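Colleague:
Chains as they are written, first to last, in this note's numbering: chain G, 25 to 280; chain A, 10 to 260.
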């Protein structure tokens, strides 16, 4: 269970997060949405401890994570997998070495067991015959999938994604979204995704948190989001012409 | 307090905080050992070529320079060998080689860590529960502190060989006189002195460059700026430390 209680964060007197309290749904896909600059990435980094919060509590399973020492945080972090916006693969290491890294660092598996687990994770994300390639030799979509394979190598309890489909074409983006949804169900992780893509929200989102100017403006399910009367949320959700037309058609259908 | 002083103390404070994390006990010793071997190859063995080329030519040039500046019947020609030996032993092979390496491996370390920082690879290590400072920086420090003295010894021998070659080829000193000169009035403590300096310079190059790289932010421009700063700052600190160590160890 991950919970935030009255979280505040500012940088040089600019308030970035203002009194954020959220209870993320366990073993479900939680989406944090909002415009660029709304504080999504800062919130995600506060949750995983890459940034310290100014005030408030970040709670993992009844443990106040942000008050733990670096050494004690490590124990919780071993249950965390994170996929960064750019993949953050170690570019001096091959695909296989990237996925193997957490196994080398934190397990006592034999070399054979590690290789088996690496191949299992790579197959799970549909990467085949790329073990010996370097990140620079594979496409952006493949890099994201390798990053996912690395994140799930230790079967984490919590999975975090920062803009997982940014920079990808729509077909690859849908594949990545579905993959995230499947992994969340298969290995029963609590998944938190930071995105501004409404397709992702509708495709795999269970719970949605909408941030607006550093505040939690709205929260609900991905179905409720379409019927909300929150104007800022509607401006965000129906920002594209396509979405507006779908909404108008839906409204005209409901009235007739 | 004026801003430059405030900045200076902020950097010094952050540097020591970073060093505290760097020297924390390793998570998995085998991984650190492998990483250290990789760094020895990367920072040390890959620098042997440039050190050899520079040392052989500097040795030859010192021989010729000393010869032309001491053209007098009062000076025995074996003093050329002695001058080459002492210049290489006392200053060139430790200090000048360290300055050259601060350019080569210092910029390399700063840009490597800086790129890892801006592409979130360091964040990825932290999320996994790895002490990124220790995992990335400690092997570089260990590799440089242990390998720089070896490079220094290599530089001394190659420089002496270069001096002999340069002297004999140009005819400014006979082979016999040169070899007699490099053995004349030899003080073994100078070797200890130069090895101590080399190890300390190795520590300075790696830690200062790693600090600049580890705390890089922004994009490619900032990484480039931090690499330049790493080279300039480590060079200045090497020169100051050289002065202090010479005063401490030779007087």
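Backbone N, C-alpha and C define an ideal beta-carbon position, used for all residues, glycine too.
Computed from a prediction, not measured in an experiment: that's the story for all the values here.
1. If residue 258 of chain G and residue 56 of chain G are in contact, beta carbons under 8 Å, what's the gap, nearest whole angstrom?
2. According to DSSP, simplified to helix, strand and coil, what is residue 263 of chain G?
3. Note down, in chain order, every chain A residue with its Cβ under 7 Å from the Cβ of residue 72 of chain G.
4. What number of angstroms, rounded off, separates the C-alpha of residue 236 of chain G from the C-alpha of residue 263 of chain G?
5. From which residue to which residue does the alpha helix (DSSP H) around residue 255 of chain A run?
6. Closer than 8 Å, CB to CB, is residue 95 of chain A near chain G or not?
7. What residue range does the alpha helix (DSSP H) around residue 120 of chain A cover?
8. Pick from G/116, G/222, G/156 and G/107: whose alpha carbon is nearest that of residue 177 of chain G?
9. List the DSSP bridge partners of residue 220 of chain G.
10. Can you grab the Cα-Cα spacing for the pair residue 123 of chain A / residue 97 of chain G, in whole Å?
11. By a C-beta neighbour count over all protein chains shown, 10 Å radius and 16 as the cutoff for buried, is residue 169 of chain A buried or exposed?
12. Assuming residue 192 of chain G and residue 164 of chain G form a contact by the criterion Cβ under 8 Å, report the distance between their Cβ atoms to the nearest whole angstrom.
13. Return yes when the Cβ of residue 81 of chain A is within less than 8 Å of the Cβ of residue 182 of chain A, no when it is not.
14. Using the C-alpha atoms, what's the distance from residue 214 of chain A back to residue 238 of chain A?
15. Could you tell me which chain A residues have their CB closer than 7 Å to the CB of residue 211 of chain G, listed as they occur along the chain?
16. For residue 47 of chain A, which option in A/28, A/77, A/202 and A/153 has the closest C-alpha, if you only look at C-alpha atoms?
17. How is the alpha helix (DSSP H) around residue 2 of chain A delimited, first residue to last?
18. Please confirm if residue 112 of chain G has its CB atom under 8 Å from at least one CB of chain A.
19. Which residues in the same chain as residue 36 of chain A place their Cβ atom closer than 7 Å to its Cβ, once the five residues preceding and following it in sequence are excluded?
20. Can you tell me whether residue 150 of chain A is helix, strand or coil according to DSSP?
21. Is the CB-CB distance between residue 64 of chain A and residue 164 of chain A below 8 Å?
22. Could you give the DSSP three-state label for residue 189 of chain G: helix, strand or coil?
23. I want to verify the contact list: residues of chain G whose CB lies under 8 Å from the CB of residue 129 of chain A, in sequence order.
24. Give the list of continuous beta strand (DSSP E) stretches no shorter than 3 residues that lie fully inside the stretch 92-165 of chain G.
25. Do residue 31 of chain G and residue 77 of chain G have their C-beta atoms closer together than 8 Å?
26. Using DSSP bridges, identify the partner residues of residue 253 of chain G.
27. Taking 8 Å as the threshold (beta carbon to beta carbon), is residue 98 of chain G in contact with chain A?
28. By the criterion of Cβ-Cβ separation under 9 Å, what are the contact partners of residue 37 of chain A in chain G?
29. What is the residue span of the alpha helix (DSSP H) that residue 219 of chain A lies within?
30. Within 10 Å of its beta-carbon, does residue 223 of chain A have 16 or more other beta-carbons around it, so buried, or fewer, so exposed?
Modeller: Taking the structure as given:
1. 18 Å between Cβ atoms; not a contact.
2. Residue 263 of chain G: coil per DSSP, three-state reduction.
3. Per Cβ cutoff of 7 Å: 136.
4. Each residue's alpha carbon lies about 15 Å from the other.
5. DSSP places residue 255 of chain A in the uninterrupted alpha helix (DSSP H) bounded by 229-259.
6. With 8 Å as the cut-off, residue 95 of chain A does not count as an interface residue toward chain G.
7. Its alpha helix (DSSP H) spans residues 116-127.
8. Of the candidates G/116, G/222, G/156 and G/107, G/107 places its Cα closest to the Cα of residue 177 of chain G.
9. Under the DSSP definition of a beta bridge, residue 220 of chain G lacks any partner.
10. Near 25 Å, if we compare the C-alpha coordinates of residue 97 of chain G and residue 123 of chain A.
11. Residue 169 of chain A comes out buried.
12. That pair is a contact at about 6 Å.
13. No, the pair does not count as a contact, with Cβ atoms beyond the cut-off.
14. Straight-line Cα distance between these residues: approximately 12 Å.
15. None at all; the shortest Cβ gap to chain A is about 17 Å.
16. Ranked by Cα distance from residue 47 of chain A, the options A/28, A/77, A/202 and A/153 are led by A/153.
17. With chain A running from 10 to 260 in the structure shown, residue 2 of chain A is simply not present.
18. For residue 112 of chain G, the answer is yes, since a Cβ of chain A falls inside 8 Å of its Cβ.
19. 139 and 140.
20. Residue state, collapsed to three classes: helix.
21. In contact: residue 64 of chain A and residue 164 of chain A (Cβ atoms closer than 8 Å).
22. If DSSP states are grouped into helix, strand and coil, residue 189 of chain G belongs with coil.
23. Ordered by position in chain G, the residues that pass the 8 Å Cβ test against residue 129 of chain A are 108, 109, 110 and 112.
24. Within the stretch 92-165 of chain G, the complete beta strand (DSSP E) runs of at least 3 residues are 104-107.
25. It is a contact, given that the beta carbons lie within the stated cut-off.
26. Per DSSP, none; premise fails for residue 253 of chain G.
27. With 8 Å as the cut-off, residue 98 of chain G counts as an interface residue toward chain A.
28. When 9 Å is used as the limit between beta carbons, residue 37 of chain A is near these residues of chain G: 128, 129 and 130, in chain order.
29. From DSSP, the alpha helix (DSSP H) with residue 219 of chain A extends over 198-223.
30. Residue 223 of chain A comes out buried.
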